[in-house]
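S.K.: Just dropping this structure here.
There are 2 protein chains.
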Amino acid sequence: MVTIGDIARAAGVSRSTASYALSGKRSISEEVQERVREAARELGYTPNAGARALATAETRVIGLLARFLDDEFAPAMLQYIRGVSDTARAHGYDTLLVTEADGARALRRITSSRMVDGVVLLNVAEGDARLPLLRKAPQPGALVGLPGDCAGVDVFDLDFEAAGRLMVDHMHRLRHRELLLVSQPEHVVERGGAYVWRLRDAVVQQARARGIRLHAAFGESRQPEVGRSLHALLDAHPTATGLLLGNEAAAAALPSVLHARGLAAPRDLSVVGRYSDEFARTFSLPFSSIESAPDLLGELAVSQLVRRITTPEGSEEPHVLRLLPPELVDRGSTGPPPAAPRTSSVQGGTP
Amino acid sequence: MVTIGDIARAAGVSRSTASYALSGKRSISEEVQERVREAARELGYTPNAGARALATAETRVIGLLARFLDDEFAPAMLQYIRGVSDTARAHGYDTLLVTEADGARALRRITSSRMVDGVVLLNVAEGDARLPLLRKAPQPGALVGLPGDCAGVDVFDLDFEAAGRLMVDHMHRLRHRELLLVSQPEHVVERGGAYVWRLRDAVVQQARARGIRLHAAFGESRQPEVGRSLHALLDAHPTATGLLLGNEAAAAALPSVLHARGLAAPRDLSVVGRYSDEFARTFSLPFSSIESAPDLLGELAVSQLVRRITTPEGSEEPHVLRLLPPELVDRGSTGPPPAAPRTSSVQGGTP
DNA sequence: CTGAAAGCGCTTACAG
DNA sequence: CTGAAAGCGCTTACAG
């Protein structure tokens with residue numbers, strides 16, 4: 001292994017001079033600087049990360065705590081991970097990915113051993129067990145997902161309440177008067193997935209305010225249950241003309257369900273989902289949707305985290321809570337309600 | 001920050017004794033051991049990872065180099081990542097996830113700075129630019145994906161040739177005599193994605209051996225192109241009775257395509273794909289498929305990597321090349337060919 | 001502009 | 001069974 005000592009010797013200077021020449025942290029004569037650089041290049045020198053971390057108390061690594069829960073839709077997670085990882089790199093940081101089931105334990109491990117300079121938490125729940133630990137940790141943390149208590153951390157999330165209102169208003173403007181809402185599975189709520197009820201409550205309230213009949217159901221996260229529950233919901237409410245989807249798994253399953261019933265959007269049913277454009281393109285989902293912006297959320301969280309890391313200790317800026325205003329991406333799946341009500345469940349019926 | 005010095009002082013012993021008591025690397029009296037452990041617990045001691053890495057030349061971190069390529073289907077990647085990350089943790093390692101576009105550069109960074117004890121490369125291509133660097137690195141590496149030259153690394157992959165033969169033989173046994181094959185997009189091949197032609201060539205050859213007419217096409221990785229190309233293929237070959245899918249994006253798009261044409265599998269068309277069971281369940285893909293086993297491949301790669309890391313330098317065991325025998329998961333989408341040929345493209349026709 | 005030295009927090013031969 | 005010391009490779013005050 002080639003060390004800074006080797007570089008110093010090759011360049012005929014002291015180790016400190018070699019270090020300064022490479023870092024540029026104090027002025028070094030042109031000539032020496034060139035000799036050192038040349039030696040480093042020639043010997044293929046890279047500073048030892050552990051040694052540097054020990055000396056500077058900086059690892060240039062951020063921790064990313066992701067959880068894969070049975071009742072959530074895994075593919076959506078990938079985009080958050082990419083957003084975080086790519087942004088971290090752009091700031092000169094590497095990413096330690098932790099997928100351990102026991103997130104609190106994992107968080108303690110990586111923070112108290114100083115493996116990371118800061119931490120991004122994905123999939124944050126209302127009373128997230130990782131938060132008390134994060135607040136005690138010496139490193140700053142940024143969250144994607146809104147917890148009950150935001151003290152001591154920077155928080156980024158979609159504004160799910162505004163998203164709920166936007167869905168309803170969009171349908172209301174098109175003159176729909178009876179809507180269906182499919183949320184995430186009920187366990188997600190029980191586990192503290194606050195975004196579920198933030199969206200749901202907003203939808204319920206706005207529907208009431210607009211004089212719209214609303215039938216709200218919890219969905220499923222897995223096939224074939226998702227499809228069955230969609231069928232059941234459509235069967236139960238044949239006069240509903242619009243469908244709001246808070247649930248990515250339901251959105252992915254909907255095209256088959258519509259086909260099986262001989263329905264088309266927006267001709268027979270107007271549909272609005274809530275997922276990313278990337279997701280829509282990957283699975284060819286033809287429904288208008290509220291962009292969930294996973295890459296942007298990851299990027300914002302990391303950028304803020306890096307600011308905290310690099311900002312001097314004392315100058316504590318107040319913590320940030322940023323809820324992104326929802327945007328509706330129009331893919332043409334909404335329109336005025338049909339004149340006649342849908343025919344009820346016709347397996348494979350003609351359109 | 002609480003250091004081993006603090007523990008030593010609290011327990012009234014030297015730092016070395018404290019270290020040994022915690023690591024158990026030499027015999028320490030019961031009593032002292034207890035005092036040290038108690039002190040560590042009380043003060044909440046965790047060894048500093050950087051300091052430990054510097055002293056031991058071990059980081060207990062493995063690097064995971066993933067690439068997200070436009071012409072590949074991103075959701076499939078997540079399962080590899082989880083397999084690697086979970087297995088690493090089970091062995092006591094953390095995972096540094098690198099998604100940088102320039103994989104070779106990233107590999108050099110993390111290996112030469114000794115951020116990791118070993119490296120797993122995902123998505124390995126025929127003449128992978130990362131391999132020469134990996135061979136020069138001081139850390140061992142394990143690959144998921146078969147490169148042209150396996151020297152110096154451990155390699156794990158699905159046996160794509162056997163998979164191709166299995167697909168054809170399965171259809172042949174059911175008396176199909178004309179088949180369609182949809183591979184990955186052609187750019188994947190151009191880029192050196194060897195698994196594409198390994199599967200394709202084996203299918204072509206086996207079809208010839210069995211006297212089967214085969215129409216092989218490259219697919220697309222994105223909607224709506226995927227769907228269009230499937231339609232075009234089905235239009236072009238109305239007498240083909242079986243469809244082989246090497247391409248996950250095509251598999252995800254197929255249900256809509258079949259619905260739109262009023263076709264059902266296996267009644268009108270027998271279908272075999274190549275993707276994981278997890279993938280099938282997430283997207284409710286009703287097609288029999290050859291299990292691509294991403295979690296198992298990730299697990300095997302990491303387990304072997306850990307063995308290399310922990311094995312003493314000299315005792316170089318020969319490198320491993322392991323190709324998993326394909327397994328067909330039957331989801332009931334294959335059967336005997338229909339008596340009458342398919343009617344050609346009928347948009348929304350009755351079944 | 002440059003060098004000698006201390007120190008980051010750990011582990012592990014070396015001595016007793 | 002235990003302690004004092006060296007060393008891992010770096011950075012950065014301290015001195016000139």
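Just so you know, the sequences run in chain order A and B. Its first residue numbered 1, the first sequence is counted upward by one per residue in full-length UniProt numbering. Its first residue numbered 1, the second sequence is counted upward by one per residue in full-length UniProt numbering. The beta carbon of each residue, even a glycine, is placed where N, CA and C say it ideally should be.
Mapping the DSSP letters down to three states, classify A:VAL272 as helix, strand or coil.
M.R.: Here residue 272 of chain A refers to the residue found at position 272 when the first sequence is read from its first residue. If DSSP states are grouped into helix, strand and coil, A:VAL272 belongs with the strands.
S.K.: What are the boundary residues of the alpha helix (DSSP H) that B:PHE287 is part of?
M.R.: Taking the second sequence and counting its residues from 1, one reaches residue 287 of chain B at position 287. Note, B:PHE287: premise wrong, no alpha helix (DSSP H); not H, not E.
S.K.: How would you call A:PRO138, buried or exposed, if buried means at least 16 neighbouring beta carbons within 10 angstroms?
M.R.: For the purposes of this step, residue 138 of chain A is taken as residue 138 along the first sequence, with counting starting at 1. The residue in question, A:PRO138, is exposed, as its Cβ has fewer than 16 Cβ neighbours within 10 Å.
S.K.: Can at least three beta-carbon pairs, one atom from the segment 32-52 of chain A and one from the segment 75-83 of chain A, be found at a separation below 8 Å?
M.R.: No, the segment 32-52 of chain A does not touch the segment 75-83 of chain A.
S.K.: Measuring only between beta-carbons, confirm whether residue 396 of chain B sits less than 7 Å from chain A.
M.R.: With chain B covering only 1 through 351, there is no way to say anything about residue 396 of chain B.
S.K.: Under 8 Å Cβ-Cβ, which residues of chain A neighbour B:SER256?
M.R.: Here residue 256 of chain B is taken as the residue at index 256 of the second sequence, counted from 1. Within chain A, the residues near B:SER256 are PRO255, SER256, HIS259, SER284.
S.K.: For B:SER112, return the contacting residues in chain A, with the cut-off set at a CB-CB distance below 8 Å.
M.R.: Walking along the second sequence from the start, residue 112 of chain B turns up at place 112. Those are GLY44, THR46, listed as they occur along chain A.
S.K.: Rounded to whole angstroms, what's the CA-CA distance from B:GLU220 to A:PHE279? Just pull it up for me.
M.R.: Translated into the one-based positions of the second sequence, residue 220 of chain B becomes position 220. Translated into the one-based positions of the first sequence, residue 279 of chain A becomes position 279. Spanning the two alpha carbons is a distance of roughly 16 Å.
S.K.: Please specify which runs of the alpha helix (DSSP H), each continuous and at least 4 residues long, are wholly inside the UniProt domain "HTH lacI-type" (2-56) of chain A, giving them in chain order.
M.R.: Within the UniProt domain "HTH lacI-type" (2-56) of chain A, the runs of alpha helix (DSSP H) that reach at least 4 residues and sit entirely inside it are, in chain order, 4-11, 15-23, 30-43, 49-56.
S.K.: To the nearest angstrom, how far is it from the Cα of A:ALA8 to the Cα of B:GLY50?
M.R.: Numbered from 1 along the first sequence, position 8 holds the residue referred to as residue 8 of chain A. Numbered from 1 along the second sequence, position 50 holds the residue referred to as residue 50 of chain B. In a straight line, the C-alpha of A:ALA8 is about 23 Å away from that of B:GLY50.
S.K.: Which word fits A:LEU133, buried or exposed, when buried means at least 16 other C-beta atoms lie within 10 angstroms of its C-beta?
M.R.: As a working mapping, residue 133 of chain A is identified with position 133 in the first sequence. A:LEU133 should be labelled buried.
S.K.: Tell me whether the beta-carbon of B:ASP268 lies closer than 7 Å to the beta-carbon of B:ARG342.
M.R.: For the purposes of this step, residue 268 of chain B is identified with residue 268 of the second sequence, where counting begins at 1. For the purposes of this step, residue 342 of chain B is identified with residue 342 of the second sequence, where counting begins at 1. Yes, the Cβ-Cβ distance between B:ASP268 and B:ARG342 is below 7 Å.
S.K.: Suppose you measure from the CA of A:ARG15 to the CA of A:THR56; what does that come to, to the nearest Å?
M.R.: Here residue 15 of chain A corresponds to residue number 15 of the first sequence, with the count starting at 1. Here residue 56 of chain A corresponds to residue number 56 of the first sequence, with the count starting at 1. Rounded to the nearest angstrom, the two C-alpha atoms are 16 Å apart.
S.K.: Cβ of B:MET171 less than 7 Å from any chain A Cβ?
M.R.: Counting from one through the second sequence, the residue named residue 171 of chain B turns up at place 171. Cβ-Cβ to chain A under 7 Å: no for B:MET171.
S.K.: Quick check for students: name the residue ranges of the beta strand (DSSP E) that lie wholly in the segment 230-260 of chain B, counting only runs of 3 or more.
M.R.: 242-245
S.K.: With A:LEU158 as the anchor, note down where its beta strand (DSSP E) starts and where it stops.
M.R.: Translated into positions along the first sequence, residue 158 of chain A becomes position 158. 154-158 is the extent of the beta strand (DSSP E) around A:LEU158.
S.K.: Measure the beta-carbon distance from A:ILE62 to A:ASP117 and round it to whole angstroms, keeping in mind my assumption that it falls under 8 Å.
M.R.: Within the first sequence, numbered from 1, the residue matching residue 62 of chain A stands at position 62. Within the first sequence, numbered from 1, the residue matching residue 117 of chain A stands at position 117. Contact flag correct, Cβ pair sits at about 6 Å.
S.K.: Taking the alpha carbon of A:ASP86 as the reference point, which residue from B:VAL98, B:LEU180, B:ASP86, B:ALA88 has its own alpha carbon closest?
M.R.: On the first sequence, residue 86 of chain A is found 86 positions in, with the first residue counted as 1. Here the closest residue by C-alpha is B:VAL98.
S.K.: Indicate whether the contact test is met: 3 or more Cβ pairs, each with one atom in the segment 218-238 of chain A and one in the segment 214-232 of chain B, closer than 8 Å.
M.R.: no
S.K.: A:ALA125: which of A:ARG114, A:ASP330, A:GLU225, A:LEU143 sits nearest, CA to CA?
M.R.: Position 125 of the first sequence, counting from 1, holds the residue named residue 125 of chain A. The residue with the shortest Cα to Cα distance from A:ALA125 is A:LEU143.
S.K.: What does the alpha-carbon distance come out to for the pair A:THR334 and A:ALA162?
M.R.: For this step, residue 334 of chain A is matched to residue 334 along the first sequence. For this step, residue 162 of chain A is matched to residue 162 along the first sequence. Looking at the backbone, the Cα of A:THR334 and that of A:ALA162 are separated by about 19 Å.
S.K.: Name the DSSP bridge partner or partners of B:VAL120?
M.R.: Reading the second sequence from its first residue, position 120 is the one you call residue 120 of chain B. DSSP, once it has assigned bridges, lists B:LEU64, B:ALA142 as partnering B:VAL120.
S.K.: Return the residues of the segment 56-76 of chain B that lie within a Cβ-Cβ distance of less than 8 Å from chain A, sorted by chain order.
M.R.: THR59, VAL61, LEU64, PHE68, PHE73, ALA74, PRO75
S.K.: Would you list the one or two residues that DSSP bridges to B:VAL329?
M.R.: Sequence index remark: in the second sequence, residue 329 of chain B carries index 329 (1-based). Its beta-bridge partners are B:SER289.
S.K.: Using a Cβ-Cβ cutoff of 8 Å, what residues of the segment 116-148 of chain B are near chain A? List them in chain order.
M.R.: Among the residues of the segment 116-148 of chain B, those with a Cβ less than 8 Å away from any Cβ of chain A are PRO138, in the order of the chain.
S.K.: Mind checking if B:ARG281 is an interface residue toward chain A, Cβ cutoff 7 Å exclusive?
M.R.: What you label residue 281 of chain B is simply residue 281 of the second sequence in a count that begins at 1. Yes - at least one Cβ of chain A is within 7 Å of the one on B:ARG281.
S.K.: Return the chain-ordered ranges of every beta strand (DSSP E) run that is complete within the segment 154-222 of chain B and spans a minimum of 3 residues.
M.R.: Fully contained in the segment 154-222 of chain B are the following beta strand (DSSP E) runs of length 3 or more, in chain order: 154-158, 178-183, 213-218.
S.K.: Would you list the residues sitting across from A:ASP94 in a DSSP beta bridge?
M.R.: Taking the first sequence and counting its residues from 1, the one referred to as residue 94 of chain A is at position 94. A:VAL61.
S.K.: By a C-beta neighbour count over all protein chains shown, 10 Å radius and 16 as the cutoff for buried, is A:MET167 buried or exposed?
M.R.: Position 167 of the first sequence, counted from the first residue, corresponds to residue 167 of chain A. With 16 or more other Cβ atoms within 10 Å, it is buried.
S.K.: Since B:PRO224 meets chain A, which of its residues come closer than 8 Å, beta carbon to beta carbon?
M.R.: The sequence position of residue 224 of chain B within the second sequence is 224, counting from 1. Those within 8 Å of B:PRO224 in chain A are SER284.
S.K.: On the DSSP letters alone, give me the boundaries of the alpha helix (DSSP H) that B:LEU133 sits inside.
M.R.: Walking along the second sequence from the start, residue 133 of chain B turns up at place 133. B:LEU133 -> alpha helix (DSSP H) spans 130-136.
S.K.: Could you tell me which residues DSSP pairs with A:ARG322 in its beta bridges?
M.R.: Numbered from 1 along the first sequence, position 322 holds the residue referred to as residue 322 of chain A. According to DSSP, A:ARG322 bridges with A:PHE156.
S.K.: Verify whether the separation of the beta carbon atoms of B:VAL271 and B:ALA250 is less than 7 Å.
M.R.: Locating residue 271 of chain B in the second sequence gives position 271, counting from the first residue. Locating residue 250 of chain B in the second sequence gives position 250, counting from the first residue. No, the Cβ-Cβ distance between B:VAL271 and B:ALA250 is not below 7 Å.
S.K.: List, in order along the chain, the chain A residues whose C-beta lies closer than 7 Å to that of B:THR99?
M.R.: If you number the second sequence from 1, residue 99 of chain B lands on position 99. Going along chain A in sequence order, the residues near B:THR99 (Cβ under 7 Å) are ARG82, SER85, ASP86.
S.K.: Measuring only the C-alpha atoms, how far is B:ASP6 from B:VAL13?
M.R.: In the second sequence, the residue the question calls residue 6 of chain B occupies position 6. In the second sequence, the residue the question calls residue 13 of chain B occupies position 13. For B:ASP6 and B:VAL13, the distance between alpha carbons rounds to 10 Å.
S.K.: Ordered along the chain, which non-local residues of its own chain (more than five positions away) have a Cβ less than 7 Å from that of B:ALA253?
M.R.: Here residue 253 of chain B refers to the residue found at position 253 when the second sequence is read from its first residue. Cβ-Cβ distances below 7 Å link B:ALA253 to GLN223, VAL226, GLY227, LEU230 in the same chain, with the five nearest sequence neighbours on each side left out; the list follows chain order.
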